Structure formats: structure tokens, C-alpha cells
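Okay, so here's the structure we're looking at.
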Amino acid sequence: MRYCRLLALILMMTTFAPPTGAQSAPPLLPTVAFEKTTLSNGLQVILVEDRRLPIVAVNIWYHVGPANEAPGLTGFAHLFEHMMFAQTRHIPRGMADRLLEGAGATDSNGGTGYDQTSYYDTVPSNQLELALWVHADRMGYLLDVLDQKALSNQQDVVRNERRETVEDEPYGLVQEALAHALFPKGHPYYASIIGSHADIQNAKLDDVRQFFQRYYGPNNASIVIAGDIDKAKTRALVERYFGSFKRSPPVARPSVTTPPITSERRVLVRDRVELPRIFMGWLTPPAYQAGDAELAVAAEILGGGKSSRLYKKLVYERQIAQDVDASQNSQGLVSTFVIDVTARPGVEARALEAAIDAELAQLRDHGPSQREVERARNSLETALLSTIEKLGGDGLADQLNHYNQYTGDPGYLAKDVAQLRSITPADVQRAVRAYLRQQARAVVTGVPGKPVIDDPRVPKQGKAAKPAAAAAHEAVNTPEPWRAQQPKAGPAPRFTLPQGESFKLANGLTVIHHYKPGIPLVAAQLVVRSGSADNPAGVPGLAGFTAQMLEEGTTTCSAPQIADEIAQLGAFLDTGTGIDASMVSLLSLRANFAPALDIMADIVLHPAFPNAEVERQRADRLGELIQQRDDPESVAAVAAAGALYGSEHPKGYGQLGTEPAIRAVTRDDLVDFWRRHYVPGNAALVVSGDIARGELKALVEARFAAWARAEVPDGEPGEPAGTRARLVLVDQPGAVQTALRVTGIGVARSTSDFPALQVLNAALGGMFSSRLNDKLRETKGYTYGISSWFRFDRTPGPFVIASSVRADATGASVREIFNEVNAMRDAPLPAAELDTARDAQVLSLPGAFETNADIGASMADLFIHDLPLDYYARLPGQIAGVTAAQVQAAARKYLAPDKMTVVAVGDRKRILPQLQPLGLGAVEVRDSDGQLPRRAD
60 MRYCRLLALI LMMTTFAPPT GAQSAPPLLP TVAFEKTTLS NGLQVILVED RRLPIVAVNI
120 WYHVGPANEA PGLTGFAHLF EHMMFAQTRH IPRGMADRLL EGAGATDSNG GTGYDQTSYY
180 DTVPSNQLEL ALWVHADRMG YLLDVLDQKA LSNQQDVVRN ERRETVEDEP YGLVQEALAH
240 ALFPKGHPYY ASIIGSHADI QNAKLDDVRQ FFQRYYGPNN ASIVIAGDID KAKTRALVER
300 YFGSFKRSPP VARPSVTTPP ITSERRVLVR DRVELPRIFM GWLTPPAYQA GDAELAVAAE
360 ILGGGKSSRL YKKLVYERQI AQDVDASQNS QGLVSTFVID VTARPGVEAR ALEAAIDAEL
420 AQLRDHGPSQ REVERARNSL ETALLSTIEK LGGDGLADQL NHYNQYTGDP GYLAKDVAQL
480 RSITPADVQR AVRAYLRQQA RAVVTGVPGK PVIDDPRVPK QGKAAKPAAA AAHEAVNTPE
540 PWRAQQPKAG PAPRFTLPQG ESFKLANGLT VIHHYKPGIP LVAAQLVVRS GSADNPAGVP
600 GLAGFTAQML EEGTTTCSAP QIADEIAQLG AFLDTGTGID ASMVSLLSLR ANFAPALDIM
660 ADIVLHPAFP NAEVERQRAD RLGELIQQRD DPESVAAVAA AGALYGSEHP KGYGQLGTEP
720 AIRAVTRDDL VDFWRRHYVP GNAALVVSGD IARGELKALV EARFAAWARA EVPDGEPGEP
780 AGTRARLVLV DQPGAVQTAL RVTGIGVARS TSDFPALQVL NAALGGMFSS RLNDKLRETK
840 GYTYGISSWF RFDRTPGPFV IASSVRADAT GASVREIFNE VNAMRDAPLP AAELDTARDA
900 QVLSLPGAFE TNADIGASMA DLFIHDLPLD YYARLPGQIA GVTAAQVQAA ARKYLAPDKM
960 TVVAVGDRKR ILPQLQPLGL GAVEVRDSDG QLPRRAD
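Counting in this note's numbering, the sequence shown runs without a single skipped number right up to 996 at its last residue.
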């Protein structure tokens with residue numbers, strides 16, 4: 060897990076400045092009503108009572124990561140994170156996941172940073188004791204039953220994770236090489252958090268035991284519980300579940316000297332990519348030390364979106380870069396400042412480097428302007444505030460633990476924000492001059508070529524011996540029989556899912572409003588009920604191209620002016636397209652919502668489609684298409700769409716379309732799509748946040764009432780006409796994983812079978828404890844993860860099973876997938892499995908409405924699919940009523956293995972011999988874009 064300090068700042072705000080316009084004073088410094096105590100065994104307990112929703116976030120940090128690893132055991136902290144999800148003395152393997160998911164848990168996972176390892180769950184408030192029982196049993200009783208089988212399985216899973224997220228990830232090896240260039244061998248930050256194949260494979264069971272005994276005691280941990288709690292009762296529960304655990308030996312903070320870089324280091328890395336990418340990295344001050352916050356502001360100025368210097372110069376003006384980014388990555392021992400820039404097609408890496416150096420020199424020599432610093436601070440503060448809405452995951456509870464570890468003060472936010480607001484242009488210039496010097500950096504350039512991957516094969520074993528009985532080990536903590544009993548849930552909390560109110564303007568524009576006070580943020584979406592399914596024949600990607608152009612200039616503002624104004628307001632504006640809709644999304648401070656809405660209205664109602672901008676965005680989309688080609692999972696998705704729907708159907712393509720279509724699109728095509736589809740009767744403005752209906756109505760009428768009424772477009776995309784082949788292959792020579800999709804035509808969103816299909820999918824592949832994930836990940840070790848879903852469009856969308864699997868397990872993985880699909884058809888779900896799948900859908904619903912953006916997206920979905928505003932109020936009852944017979948009937952109706960297509964993107968020489976014996980028939984080979992090869996004229 061990666062932690063970005065300023066973008067993850069969160070805590071509860073108590074007082075805010077009034078909405079006095081775009082240049083109003085920033086919110087008053089936030090405070091947090093937390094309580095911190097320490098148990099007698101050293102466990103730090105941090106409690107926050109927040110009754111916004113009937114949910115509770117439980118977040119435990121163990122203060123151990125790669126910074127504590129021994130030589131030769133790189134990646135061990137991350138491997139151990141996986142081990143913590145194995146069985147414990149009182150909870151059998153897989154049971155914790157099933158219980159938590161069945162209880163409605165969301166944001167349920169773990170993560171490893173360089174300095175810490177975290178475990179977290181968000182549960183309904185009446186299931187807090189269940190979450191504490193699970194986390195406590197991991198801390199107290201993991202070693203009692205830990206065995207080699209669990210270790211071997213997770214070694215397979217973690218190695219699959221490395222292949223998927225580093226070796227098959229575009230530029231993953233290049234980014235790893237940057238850490239190798241910045242730090243000497245043996246430094247805790249030298250290796251990737253995930254480690255090397257050799258070290259992962261060489262880990263022994265005794266290493267695991269020693270690691271647990273050294274670092275996983277209560278005195279090396281802190282637990283944050285935030286949400287709908289009674290603090291006195293919660294303190295008593297924590298004492299009950301954790302208070303009897305023994306301390307581990309004291310853990311000294313790592314004392315590591317990081318040698319400075321005194322002369323520039325340069326590395327060239329070859330990877331399976333088409334566009335060169337440059338990474339520049341510097342060693343910078345540790346988290347919360349002088350210079351850290353100043354460099355976070357510098358990163359925003361250099362690479363923080365379309366208003367940044369690198370974007371304006373390299374992407375917009377000179378058009379030599381496809382994308383840019385800059386970040387200050389704050390860590391405990393030392394931080395890193397990283398710039399990464401991808402070249403446009405035909406641009407060499409040295410041209411990029413020279414352009415980056417010129418911008419760095421300007422910032423060093425002349426410093427930023429006051430407005431640039433204000434823009435950066437405003438953007439960082441809005442990002443900060445937006446995370447306050449979320450309790451679990453990387454939200455409130457996690458940030459309290461973050462502050463606690465790095466500063467010792469969970470309530471450090473006020474000081475942190477005060478530091479951010481005090482930064483001046485001179486401060487930023489001093490930090491850039493001090494740390495971002497050319498001789499103090501590492502430059503790693505990724506170029507197209509054959510990557511060098513060290514992936515040792517596990518030695519073949521002889522005839523398998525009968526597993527030896529698990530050796531007896533002295534328990535770390537005294538067994539307590541009462542822990543074997545799963546705690547009972549408390550009384551179910553009452554909660555009404557957001558419903559929203561709707562009104563229409565005279566021109567036909569629908570407005571859906573949900574009032575959510577407390578946090579001074581407003582999220583808005585302008586949704587047009589036309590997406591890629593509405594692309595004209597022969598012009599795939601037109602809807603997406605049109606949406607992209609909205610930000611690129613209006614009749615009164617240029618693209619750079621729009622970007623600058625939005626950033627100055629501390630707002631975030633984005634455009635995008637899905638299958639059935641196009642949208643403009645806005646997130647703003649409540650005080651600045653009116654001027655931000657001005658900009659949103661301007662780009663929707665008055666886009667200019669300047670010829671120069673059309674050509675810029677054409678080049679950008681062509682570059683995106685090349686980057687998509689580098690990502691096996693994206694290629695698999697495009698190939699699957701084409702195989703299911705065919706080349707004559709608008710759903711038979713990805714959102715970008717094809718290279719010929721991108722090159723052929725004219726300005727007139729874009730204007731025509733906008734004129735026909737961006738009409739008020741085809742649109743809804745969905746607003747959620749701290750704004751009352753009356754004020755919103757006045758704002759909307761002032762900005763959208765003049766939007767001229769026009770005829771609403773109609774028409775359906777036609778019937779699918781996909782390939783007859785059941786095996787589709789895209790060759791990626793040398794790929795270490797295979798991106799798999801097993802897919803077929805599903806059903807439309809309007810189906811009355813929706814509740815049954817949600818339960819069916821949860822059991823098959825929609826949950827972590829699902830049948831597919833349990834079989835392919837937890838039992839077989841073929842993959843890092845597998846999932847399934849129905850995409851419910853207005854017309855039948857696809858059913859998809861997707862995974863990235865070990866190349867040598869490709870055929871076996873497909874066989875197991877079909878076995879599980881057939882099992883869903885052949886027998887009804889057992890009662891316990893049905894309850895888990897059903898309850899997981901119902902009880903997790905409150906957690907899906909935590910943020911304004913979440914609420915807005917849900918309300919927009921109602922508009923897109925013609926569902927009533929009270930839909931979510933009725934949905935829990937519908938899902939709760941689903942029976943095992945209905946699930947089996949839905950499986951037999953919609954899951955037809957003999958009609959499913961297998962799409963495999965990987966090394967043809969390795970995977971085709973595995974797939975041919977499965978009886979799928981002749982293979983259809985597609986090109987590197989996932990398209991059928993074009994015929995020669």
C-alpha cells in the first residue's frame with residue numbers, strides 16, 4: 060500500500076467558513092474528537108465517535124514493514140501480511156472472510172507500506188464485536204495453527220501478485236529500477252515492497268514464526284475504531300479481546316543512514332511497452348520534517364493535473380508527452396520526490412528529459428508565482444476534505460493511525476494543515492533548490508524491448524510424501540476457551556438509504572438533489588443519457604472523443620484557462636463516457652460551488668471544439684490507444700467486446716475506439732454528436748452535498764435555464780453479431796501471466812431477475828470468499844485474484860469472469876472456471892452460502908453511500924436506467940427475499956458454458972497447447988489491439 064501524506068489527510072471538521080464566494084477564506088482548521096489510551100500490554104487504542112452512518116471502521120497498524128526486514132528476506136513483511144489471513148486457533152481458513160462479508164463488511168483488506176502493515180474492515184455498527192474477534196484472533200492465536208500448507212499457498216499467491224503488478228504491469232519493472240537506483244543494496248527501501256521471487260520462495264516457516272513473535276505483539280500495534288460507537292462500551296470490548304495478550308520484545312525503530320546521491324545515476328530498462336517513459340527521483344526529507352510539505356506543493360505545481368507546469372508545456376504546448384506526474388512520497392526513513400513522464404509516439408526520451416530539465420530550472424531559478432502556490436494548496440485542501448467523508452479503507456481511521464505512527468499524535472491534522480497553509484513561493488523555491496538538484500537524482504528510462512525477468516522455477520518434487528503432522532509449538536498466548544464462540548451481532552441499526560428529490564426545469568433538464576450537511580463539499584454530475592452504445596456505425600469512440608473535447612475550450616475560455624480556474628477554486632472537474640451515458644463530474648468546496656458550477660455549465664452548453672484542440676486530443680487518444688495495447692487486461696476487455704458483439708455493433712469496441720476511427724473523426728462529427736445528444740431532455744444534473752434545495756434550484760436555473768430544448772435522440776444499438784469462435788487469443792510473446800476472460804451475453808438492467816443475479820454473482824465470483832476466488836487463488840494458487848460480474852446496460856451487457864493467471868496454469872484455470880460455472884447450474888446454493896451471499900449484498904449497502912460522489916453516482920444510475928427514486932429503499936427487501944431455487948434458475952438461464960467465449964492474452968506458444976484440449980474449437984487470433992486483423996485492400 061502506498062500512502063500519500065497530503066492527499067490522504069482526513070479528520071472530522073467542526074467549524075467552517077461561510078460561503079462568501081470564490082475567494083472566501085479557507086475553512087477553519089479542523090479538529091478531531093478522538094480519545095487515545097494504552098492497554099497494560101502496550102496496545103494503543105484510538106477511538107472516534109462519528110454517527111453519520113451506522114457503520115464502524117476498524118483499522119490496525121503494526122509498526123513493521125520493509126524497513127524492518129532482514130537481508131535476504133525482501134518482501135517478507137508483505138508476505139506476512141498475506142499470512143495473517145490464514146486460519147487461526149479459533150477461526151478456520153476462509154471463515155473470517157465469509158463471516159465478515161456475510162455481515163456486510165466493506166473496505167475489508169490489508170496493506171503493506173515501507174514502514175507499517177495495516178489490516179482494516181468497515182462493518183455495520185452492530186457487527187463491531189465480530190470484527191474485533193477476528194482481528195484479535197489473528198494477533199493472539201495465528202501461530203498456534205500455522206503450517207507449511209498455508210505458507211506455500213500464499214507464496215504462490217504473492218508471486219502471482221508480483222507477476223501481475225510488477226512484471227506484466229506496463230513500466231512496472233522500470234519503476235522498480237528507480238528504487239534500485241535511489242538506494243544501495245541492503246537498504247530497506249531498495250527492494251520493491253512485494254520483494255523478489257527468490258526471497259519470497261525462500262521464506263521458511265520458522266522465519267514466519269520469528270517475524271510474528273518479534274513484530275506482531277500488542278505493544279507494536281495501534282488500533283483505531285471510528286464510527287457509530289459508544290466509546291465506553293468499545294473500550295471494554297477492546298480490553299476483553301486484546302487485553303490478555305502478552306507483549307512481544309520491544310521493537311527498536313530502524314536506524315538507517317541513507318547515503319546521499321552526489322552524482323547523477325542513470326539506468327536504461329527495457330520493458331514490453333511501446334512508448335518511452337522517464338522516471339526522475341530524488342531523496343528528500345522524511346515525513347513531517349522540514350521541506351516535506353513544501354515539496355508536496357512543488358509536486359502539485361509541477362505535475363498536479365492540467366494546470367501544472369509540466370502538463371502545460373510538455374503535453375499541451377509542445378505535445379511531446381502523453382502524460383505527466385509528480386509526487387512527494389513521504390516515508391519514515393527518507394522520502395522520495397518522483398517525476399514520471401511518458402513520451403508521445405515518435406518522441407525520444409532525451410527530448411523529454413531536456414524539457415523536464417528546463418521546467419525544473421525555471422522553478423529553481425525563479426520560483427513559483429503566488430497564484431501557483433495558492434492553486435496547489437487549494438487543490439490539496441479539497442482532496443483532503445473529500446477524504447473526510449470516508450471512515451474506513453484509506454479514510455479517517457487509517458489517517459489517524461498514520462499520524463499516530465509518524466508523529467505520535469493522532470490529532471496532528473491541525474498542525475499539518477497550518478503548515479500547508481503557511482507555505483510561500485519562497486519556501487517552495489528553497490526546497491526545490493535544496494533537494495531537486497541534477498547531481499542528486501537518479502534517472503531511469505524505460506524503452507521498448509524484451510524485459511529481463513528473474514523468476515526462478517520451483518524445483519520439481521518427487522512423489523509427494525504424506526504430509527507430516529504439524530509440529531507442536533508453544534502458544535504465544537494462553538488459550539481462552541470462550542474465544543471459540545463467534546460473537547453475536549447486536550441489534551440491527553436502522554438506516555434509510557438516500558433517496559433524493561427530483562425536479563425539472565422548463566427545458567426538460569432533470570435535477571436530482573440529495574442534501575448531505577456536515578462536510579462543506581458538493582459533488583455534481585451532469586449526466587447525458589448517451590454513451591458509446593450510441594456511436595454511429597463505423598465511428599467507435601466518437602462519444603468519448605466528444606466528452607473529452609468539452610474541457611478543451613468554450614466560446615469564452617481556452618483549455619488552459621478552464622484548468623487554471625478550476626484549480627484556483629480548489630475544485631476537480633472531469634469528463635468521461637460509459638456504455639449508456641456521458642458525464643461531466645465536479646467536486647467542489649461548498650463555498651466555491653457556484654463559480655465551479657459556472658465552469659461546468661459553460662463547458663456543457665458552449666463547447667467550441669477548436670480545430671487545434673481537436674488535433675491535440677486526436678494525438679492524445681492515439682497515444683492512449685498505444686498505451687492500452689501494453690496492458691494485457693485492457694486488451695482482453697477489448698477483444699472480449701469484439702468477440703461478443705461484433706465489428707458492426709457499437710458495443711464491440713473499447714471506449715477509445717480504433718486507430719482508423721480516431722484518425723477519421725472530424726470536427727463536424729464531434730459537433731454533431733454534441734448537438735444531437737447533449738440536450739436538456741436527455742440529461743440530468745445530480746447534486747449531493749451541503750447545499751439546500753432552494754439554493755441549488757436558483758443556481759441551476761440561472762445557469763441551465765437557457766439551454767435550448769431539443770428533440771431527445773432515440774434508437775437502439777441493434778443485435779449482437781459476435782464471432783462463432785469460442786476461443787479468442789491475442790499473442791504477447793514472453794508474457795509471464797495470461798489475462799483471461801470467460802464471457803457471454805448477459806441481460807439488461809431492466810430485468811426482473813436483477814436481485815437473484817446479484818446473489819448468484821456474489822457467490823460465484825463477486826466476493827473475496829466466492830467459489831472462483833477460493834478455488835483459483837486460495838486452493839490452487841493460480842492467480843492473485845479472480846472476479847465475475849454482470850454489466851447491466853440498457854440493452855443486454857456481458858457477463859464476465861476475469862483474472863490474470865500464471866502462464867503455465869492457463870488451461871487448468873479455464874477448466875476450473877467452467878467447473879464452478881457448471882456447479883452453480885447443477886445444484887442450489889447451500890443455505891449457509893446463500894445467507895452469506897444475500898446478506899453481503901444487503902448489509903453492505905450503507906457503506907456504498909459514504910461519500911457525496913458515491914451518492915451522486917447511485918442517483919445518476921437511476922436516471923440512466925429509468926429507475927424510480929425510491930429504488931434503493933426497496934432493493935434490500937428484494938435481495939433479502941432471493942431463494943436458492945431462484946439463484947439456480949438464474950444460473951441455468953443466464954450462465955450457458957457452451958455459449959461462453961474464452962479470451963486469452965498471453966504467450967501463444969505457452970498457452971495454446973493448454974487450451975486446445977478443452978474442446979473449445981478453432982482459435983480466433985486477434986491483433987495486439989484486440990481487434991480482428993484488417994484485410995488488405
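Using N, Cα and C, we set each Cβ at its ideal position, and we do this for glycine too. In this text, all values refer to a predicted model and were calculated from it rather than measured experimentally.
If you draw a straight line from the Cα of V283 to the Cα of V297, it comes to about 11 Å.
Nearest to F396 by alpha-carbon distance, out of S367, A346, Q378, E433, is A346. With a threshold of 16 other beta carbon atoms within 10 Å, P976 falls short and is exposed. Residues of the same chain with a CB within less than 8 Å of the CB of L189, apart from the 5 flanking positions on each side, are L158, L159, A162, V182, Q545, P546, A548 in chain order. M339 has I398, V502 as its beta-bridge partners, per DSSP. E359 sits buried, since 16 or more C-beta atoms from the chains shown fall within 10 Å of its C-beta. The Cβ neighbour count for T343, taken over all protein chains shown within 10 Å, is at least 16; the residue is labelled buried. Within the segment 895-932, no complete beta strand (DSSP E) segment of 3 residues or longer occurs. When secondary structure is reduced to three states using DSSP, V663 falls in the helix class. Look at the segment 824-896 and you find these whole runs of alpha helix (DSSP H), each 4 residues long or longer: 869-885. Comparing C-alpha distances from K290 to each of E94, P552, E674, E128 shows the shortest one belongs to E94. In the pairwise beta carbon analysis, the segment 761-776 is classified as touching the segment 737-745: at least three pairs are separated by under 8 Å. Counting along the chain, S481 sits inside no beta strand (DSSP E); it lies in the alpha helix (DSSP H) bounded by residues 472-481. Excluding five sequence positions before and after L632, the CB atoms of its chain that fall closer than 6 Å to its own CB belong to I625, L645, given in chain order. Going by DSSP, V283 is part of no alpha helix (DSSP H) but of the beta strand (DSSP E) stretching over 280-286. Straight through space, the alpha carbons of N878 and S641 are spaced by roughly 38 Å. Beta-carbon to beta-carbon, P515 and Q260 are separated by about 7 Å, close enough to satisfy the 8 Å threshold.
Just measuring C-alpha positions, the residue of T171, E431, R273, D196 sitting nearest S251 is T171. A straight-line Cα-Cα distance of about 11 Å links A477 and E440. Of all C-beta pairs linking the segment 907-925 to the segment 580-588, three or more are shorter than 8 Å, placing the two stretches in contact.
DSSP places P484 outside any beta strand (DSSP E); the residue lies instead in the alpha helix (DSSP H), whose first and last residues are 484-494.
DSSP places P507 within a strand segment (E or B) once states are collapsed to three. For E376, no pairing in a beta bridge is given by DSSP. In the DSSP annotation of this structure, the continuous segment of the beta strand (DSSP E) that includes Q103 starts and ends at 103-108. Judged by beta-carbon spacing, T634 lies beyond the 8 Å limit of G590, meaning their Cβ atoms are not closer than that value. Cβ-Cβ separation between D174 and Q429: approximately 35 Å, too far for a contact (criterion under 8 Å).
For V724, the closest of F562, H137, G600 by C-alpha to C-alpha distance is G600.
As summarised for the segment 303-373, the continuous alpha helix (DSSP H) elements at least 4 residues long and confined to that stretch are 351-362, given in chain order.
Annotated three-state conformation of L645 is strand, per DSSP. A buried status is given to G713, since no fewer than 16 other beta-carbon atoms sit within 10 Å of its beta-carbon. Between V204 and Q146, the gap from beta carbon to beta carbon is short of 8 Å. Annotation: N437 to M659 spans about 18 Å, alpha carbon to alpha carbon. In terms of Cα proximity to R542, the closest of M198, G989, D925 is M198. Here A807 is exposed, its C-beta having fewer than 16 other C-beta atoms within 10 Å. The C-beta distance from G803 to K563 rounds to 39 Å, too long to meet the 8 Å contact threshold.
Excluding residues up to 5 positions away in sequence, G781, T782, V787, T960 lie with their Cβ nearer than 6 Å to the Cβ of A702 in the same chain.
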